[in-house]
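Protein chains in written order, with this note's numbering: chain Z, 1 to 358; chain D, 1 to 341.
In this text, a Cβ means the ideal position worked out from N, Cα and C, and glycines have one as well.
Worksheet: one structure, shown below.
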């Protein structure tokens with residue numbers, strides 16, 4: 001591998017890795033490993049074109065952390081979330097949950113995966129059954145996973161009160177009788193009712209008003225500590241991701257462009273796209289307004305993404321090498337690794353501004 | 001007496017005057033009190049941002065300015081004057097002249113606001129011919145100029161595109177071009193950047209700011225996003241439960257908010273807070289507009305609530321020139337305000 005050579009750590013070799021990572025359990029075992037996940041959708045109407053929604057994504061989710069995933073619409077972040085739960089079947093690639101491969105021989109089944117991984121969606125109304133009182137919605141998960149009706153109801157009541165909803169007052173209500181923030185609390189309760197180890201939050205606070213968003217973010221942080229959860233937090237809001245994440249993964253057109261600890265990403269972004277995203281945030285200071293947009297144009301269509309580096313059509317540093325070769329995400333080893341898929345990060349890549357050049 | 005300082009020299013040049021605007025939606029089951037006595041002015045060339053959460057009445061206020069609310073169900077009272085015209089007394093022909101001519105509007109979702117079966121060029125030329133008259137060729141030339149003005153690349157080709165052939169950012173630019181086509185004196189913008197991606201949002205914001213300055217339009221910009229408001233506003237009006245609870249120049253309001261709701265909104269907006277602490281969220285949720293509490297509508301969520309708050313709706317108080325807040329804790333007279341609360 002010609003990437004930046006990371007300082008060797010005692011933890012082990014880079015991820016496309018050896019069998020010891022599949023050992024079950026132990027704090028050092030990542031909770032979830034995704035390897036080279038791919039999902040292409042055929043464009044309807046008889047053409048041979050494919051939407052390359054997720055195009056070879058690998059990452060590792062460590063136990064107890066919050067990994068934030070950011071990117072613009074069409075970058076594949078929601079498709080990725082659905083692949084992780086097998087709500088969509090990946091075209092290729094591998095998922096390893098706590099040492100067990102998912103939906104493969106000698107691995108765990110998709111059902112067993114879903115008992116440990118739950119998801120909260122953006123639209124709090126359409127993800128609840130409109131004909132069911134919310135306490136029954138929350139109790140449904142434990143019930144189908146084998147608890148008795150009475151036990152499931154008791155679980156639902158305790159988890160509803162844990163997310164800040166009085167079970168006597170709100171439990172018998174139907175979704176349309178709740179506000180957006182309350183509905184999202186119910187969705188969180190529903191996800192937690194079967195005691196998962198990991199929760200995928202797909203734009204879970206994006207539709208909420210700011211004052212309610214803050215309440216739900218505080219709740220999510222408290223629940224994470226109480227239930228010892230691991231979060232995958234998907235959002236387009238960089239400020240929220242900065243607040244809640246331990247590590248951040250930046251996506252662009254179906255690929256990972258940068259991955260690293262939250263402070264590294266926000267204070268020393270390596271990839272030009274990450275820098276543009278950060279620079280596009282409104283200043284919050286009317287006396288220091290942004291005068292020039294960091295990049296121009298819209299994200300291109302994922303149907304026929306540009307060759308080589310996908311960001312090159314909007315990148316101010318694009319050179320011939322960016323068109324010719326796809327930049328590799330550098331090798332990463334542990335939670336502290338900070339890597340970017342950019343030719344400028346690779347000495348000798350042929351880019352005039354590559355590290356160590358000249 | 002109370003607004004002697006603020007509006008005395010402003011009166012002759014007001015582009016928009018709204019006084020005690022009230023909008024109720026009446027259905028068989030209930031009456032929704034969407035806007036409850038809103039008063040504000042906009043000067044020519046000024047950008048007023050109406051900031052509020054969902055259900056605060058900001059979009060309803062904006063639509064009332066153009067009479068876009070359903071006429072049977074929406075009961076509007078109060079006074080709306082745009083460029084001296086009494087909007088609430090206009091008839092059909094008068095409204096058609098007003099809409100798109102004197103006043104035009106940009107919506108949040110360009111895909112639903114543009115007509116999907118006509119090309120961009122056709123929609124813009126139709127607007128121009130309808131309002132300004134003239135031939136098709138001149139109108140089309142003007143449409144091309146407009147697409148170039150809003151920085152749509154290869155504008156000549158884009159004229160013959162249908163809305164679905166454009167990306168989200170280009171669609172919103174096309175909508176801005178259409179809104180500007182007849183040289184409106186007042187531009188209304190309802191969350192025009194909310195549906196856009198971050199890197200596109202800032203491009204559209206900068207474009208709007210530039211065009212607004214060059215063309216000298218008065219602008220009312222509705223948003224829920226403090227960051228967007230700080231990028232574009234001259235003045236901010238913060239709405240809560242159908243009332244303006246605070247108003248003032250953007251830098252002053254953001255740096256030194258007077259109303260507890262504005263302070264809460266600033267504190268609960270995630271922006272570089274320390275990750276070791278909880279965010280100072282406002283507890284509770286906004287009131288039900290069918291059953292508004294008596295007195296200050298924010299009282300049930302306010303940490304500093306007193307008996308006085310529940311007695312009646314707080315009057316407008318103007319402790320400093322150009323600032324207004326509806327809170328009993330804000331000193332009533334100019335000059336008495338010492339260091340901020």
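List the residues of chain D whose Cβ lies closer than 9 Å to the Cβ of residue i, in chain order.
i                      : result
residue 280 of chain Z : 197, 198, 199, 200, 201, 202, 203
residue 240 of chain Z : 270
Using a Cβ cut-off of 8 Å, pull out every chain D residue sitting near residue i, in sequence order please.
i                      : result
residue 221 of chain Z : 278
residue 181 of chain Z : 285
residue 236 of chain Z : 197, 198
residue 174 of chain Z : None at all; the shortest Cβ gap to chain D is about 16 Å.
Taking the alpha-carbon positions, what's the residue i to residue j distance?
i                      : j                      : result
residue 23 of chain Z  : residue 60 of chain Z  : With a pLDDT of 42 at residue 23 of chain Z, under the threshold of 50, the modelled position of this residue cannot be trusted; read the value that follows with caution. Rounded to whole angstroms, residue 23 of chain Z to residue 60 of chain Z spans 15 Å at the Cα level.
residue 228 of chain D : residue 149 of chain Z : 49 Å
residue 173 of chain Z : residue 183 of chain Z : 11 Å
residue 21 of chain Z  : residue 111 of chain Z : With a pLDDT of 38 at residue 21 of chain Z, under the threshold of 50, the predicted position of this residue should be treated as unreliable, and no value is reported.
residue 340 of chain D : residue 35 of chain D  : Note that residue 340 of chain D has pLDDT 43, beneath the 50 cutoff, so the model's placement of it is unreliable and the number below is only indicative. Approximately 29 Å, taken between the alpha carbons.
residue 345 of chain D : residue 324 of chain D : Given that chain D is displayed from residue 1 to residue 341, the structure contains no residue 345 of chain D and the question cannot be resolved.
residue 29 of chain D  : residue 291 of chain D : 12 Å
residue 181 of chain Z : residue 39 of chain Z  : 33 Å
residue 156 of chain Z : residue 74 of chain Z  : 36 Å
residue 180 of chain D : residue 91 of chain D  : 24 Å
residue 322 of chain D : residue 252 of chain D : 10 Å
residue 139 of chain Z : residue 27 of chain Z  : 31 Å
residue 167 of chain D : residue 314 of chain D : 46 Å
residue 298 of chain D : residue 242 of chain D : 11 Å
residue 333 of chain Z : residue 30 of chain Z  : 12 Å
residue 206 of chain D : residue 290 of chain Z : 8 Å
residue 190 of chain Z : residue 69 of chain D  : 38 Å
residue 282 of chain D : residue 353 of chain Z : 48 Å
residue 355 of chain Z : residue 348 of chain Z : 8 Å
residue 138 of chain D : residue 123 of chain D : 14 Å
residue 231 of chain D : residue 45 of chain Z  : 43 Å
residue 331 of chain D : residue 18 of chain D  : 25 Å
residue 208 of chain Z : residue 258 of chain D : 24 Å
residue 213 of chain D : residue 45 of chain D  : 7 Å
residue 267 of chain D : residue 217 of chain Z : 13 Å
residue 170 of chain Z : residue 137 of chain Z : 12 Å
residue 204 of chain Z : residue 125 of chain D : 42 Å
residue 256 of chain Z : residue 261 of chain D : 40 Å
residue 72 of chain D  : residue 23 of chain D  : 12 Å
residue 18 of chain Z  : residue 80 of chain Z  : Note that residue 18 of chain Z scores a pLDDT of 37, beneath 50, so its modelled location is shaky and nothing firm can be said.
residue 16 of chain D  : residue 287 of chain D : 29 Å
Using the beta-carbon of each residue, which ones in chain D are nearer than 7 Å to residue i?
i                      : result
residue 284 of chain Z : 226, 227, 230, 271
List, in order along the chain, the chain Z residues whose C-beta lies closer than 7 Å to that of residue i?
i                      : result
residue 281 of chain D : 211, 214, 215, 218
residue 254 of chain D : 286
residue 275 of chain D : 243
Could you list which residues in chain Z have their beta carbon closer than 9 Å to that of residue i, in chain order?
i                      : result
residue 168 of chain D : 73, 298
residue 251 of chain D : 285, 286, 287
Taking residue i as the reference, give the member of the options with the closest Cα.
i                      : options                    : result
residue 49 of chain D  : D/262, D/15, D/189, D/65   : D/189
residue 284 of chain D : Z/339, Z/165, Z/198        : Z/165
residue 263 of chain Z : Z/278, Z/125, Z/124        : Z/278
residue 91 of chain Z  : Z/315, Z/82, Z/331         : Z/82
residue 292 of chain Z : Z/302, Z/304, Z/276, Z/285 : Z/276
residue 272 of chain Z : Z/324, Z/284, Z/221, Z/314 : Z/314
residue 175 of chain D : D/212, D/39, D/109         : D/109
residue 328 of chain D : D/94, D/295, D/171         : D/295
residue 61 of chain D  : D/20, D/211, D/169, D/199  : D/20
residue 253 of chain Z : Z/54, Z/227, Z/215, Z/214  : Z/54
residue 123 of chain Z : Z/64, Z/187, Z/284, Z/331  : Z/187
residue 250 of chain Z : Z/283, Z/210, Z/213, Z/311 : Z/311
How would you list, in chain order, the residues of chain Z whose beta-carbon sits under 8 Å from the beta-carbon of residue i?
i                      : result
residue 206 of chain D : 290, 291, 292, 293
residue 265 of chain D : 210, 211
Kindly confirm or deny that the stretch 70-81 of chain Z and the stretch 223-242 of chain Z touch, where touching means at least three C-beta pairs closer than 8 Å. Taking a cut-off of 8 Å on C-beta distances, the stretch 70-81 of chain Z touches the stretch 223-242 of chain Z, as three or more cross pairs fall below it.
Using a beta-carbon distance cut-off of less than 8 Å, what residues from the stretch 264-276 of chain Z approach chain D? Going along the stretch 264-276 of chain Z in chain order, one finds 276 with a Cβ nearer than 8 Å to chain D.
Touching or not, the stretch 28-35 of chain Z and the stretch 48-63 of chain Z, by the rule of three or more beta carbon pairs under 8 Å? Yes, the stretch 28-35 of chain Z is in contact with the stretch 48-63 of chain Z.
Which residues of the stretch 107-138 of chain Z have a Cβ closer than 9 Å to any Cβ of chain D? Give them in chain order. Here the close residues number zero.
Using a Cβ cut-off of 8 Å, which residues of the stretch 44-72 of chain D contact any Cβ in chain Z, in chain order? Within the stretch 44-72 of chain D, the qualifying residues are 53, 54.
Using 8 Å as the threshold, is the stretch 157-173 of chain D in touch with the stretch 72-85 of chain D, meaning 3 or more CB pairs across them? With contact defined as three or more Cβ pairs closer than 8 Å, the stretch 157-173 of chain D and the stretch 72-85 of chain D are not in contact.
Any contact between the stretch 109-118 of chain D and the stretch 141-157 of chain D? By contact I mean 3 or more CB pairs, one from each, below 8 Å. Contact between the stretch 109-118 of chain D and the stretch 141-157 of chain D is absent, with fewer than three C-beta pairs closer than 8 Å.
Specify whether the stretch 206-226 of chain D and the stretch 47-67 of chain D touch according to this definition: at least 3 beta carbon pairs, one from each stretch, less than 8 Å apart. At 8 Å Cβ cutoff, the stretches touch.
Taking one C-beta from the stretch 192-203 of chain Z and one from the stretch 137-147 of chain Z each time, how about it: are there three or more such pairs within less than 8 Å? Judged by pairs of C-beta atoms under 8 Å, the stretch 192-203 of chain Z touches the stretch 137-147 of chain Z, as three or more such pairs exist.
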